[in-house]
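Asker: Residue numbering for the sequence shown follows our numbering, beginning at 2 and increasing consecutively.
All residues carry an ideal CB built from backbone N, CA and C; glycine is no exception.
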Amino acid sequence: MSETKQYCLDSNIFIQGWNTYYAPELCPSYWDVLDNLAATGVIFAPIEVKREIEKIQDSLHGWLKGRSCFFRDIDLEVQIVLRDILHNFERLVDTKKERSMADPWVIAHAKVSGAIVVTKESYSTSPTNIKIPNVCEALDVPWMNDFQFCREVGIRFEARKIGI
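#1: Kindly indicate which residue of 44, 32 and 124 has the alpha-carbon position closest to the one of residue 153.
#2: According to DSSP, is residue 47 part of a helix, a strand, or is it coil?
#3: Could you tell me whether the Cβ atoms of residue 10 and residue 86 are closer together than 9 Å?
#4: Quick check on DSSP: helix, strand or coil for residue 75?
#5: On a Cα-Cα basis, can you pick out the residue from 108, 121 and 148 that is closest to residue 16?
#6: Identify every residue that forms a DSSP beta bridge with residue 70.
#7: Please name the residue or residues paired with residue 145 in a DSSP beta bridge.
#8: In whole angstroms, what is the alpha-carbon distance linking residue 41 and residue 32?
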């Protein structure tokens with residue numbers, strides 16, 4: 002019997018999705034599907050992703066407030082992997098601008114859980130611009146973008162004119 006795949010979501014999956022092409026007024030069912038996938042343990046995000054989103058204080062933050070099943074707390078195994086990531090990939094986090102603060106947590110949680118990272122980021126060829134896919138490939142952690150994720154888990158979109 003095969004194990005169900007798990008997916009660890011980066012902050013940008015929530016933030017960019019909510020604010021652009023998966024906006025709840027355009028794709029409300031997308032967020033219902035994510036709710037269901039989180040409730041069944043298929044998707045998750047580190048608690049650090051929630052903290053990153055909380056800084057924005059927008060409607061996404063409000064939507065996530067009551068959805069604790071999305072987020073995983075930190076444990077010792079994750080901390081050990083995180084320490085190695087921060088030591089070996091110092092440029093992953095921009096501490097001066099406080100950007101990408103959750104990125105190492107996403108990778109560490111995925112590594113420990115055997116999950117696939119889902120991110121909007123793409124591989125960088127610049128040694129000074131390290132992205133999640135760079136670290137994932139170095140640590141043998143699978144990753145994909147949100148469109149690949151939608152295909153893999155079977156999320157389908159339907160278009161209809163409101164009022165018809």
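Answerer: Put simply:
#1: That would be 44, whose Cα lies nearest to the Cα of residue 153.
#2: strand
#3: no
#4: Residue 75 falls in the coil class under three-state DSSP.
#5: 121
#6: Beta-bridge partners of residue 70 (DSSP): none assigned.
#7: Bridge partners of residue 145: 119.
#8: 14 Å
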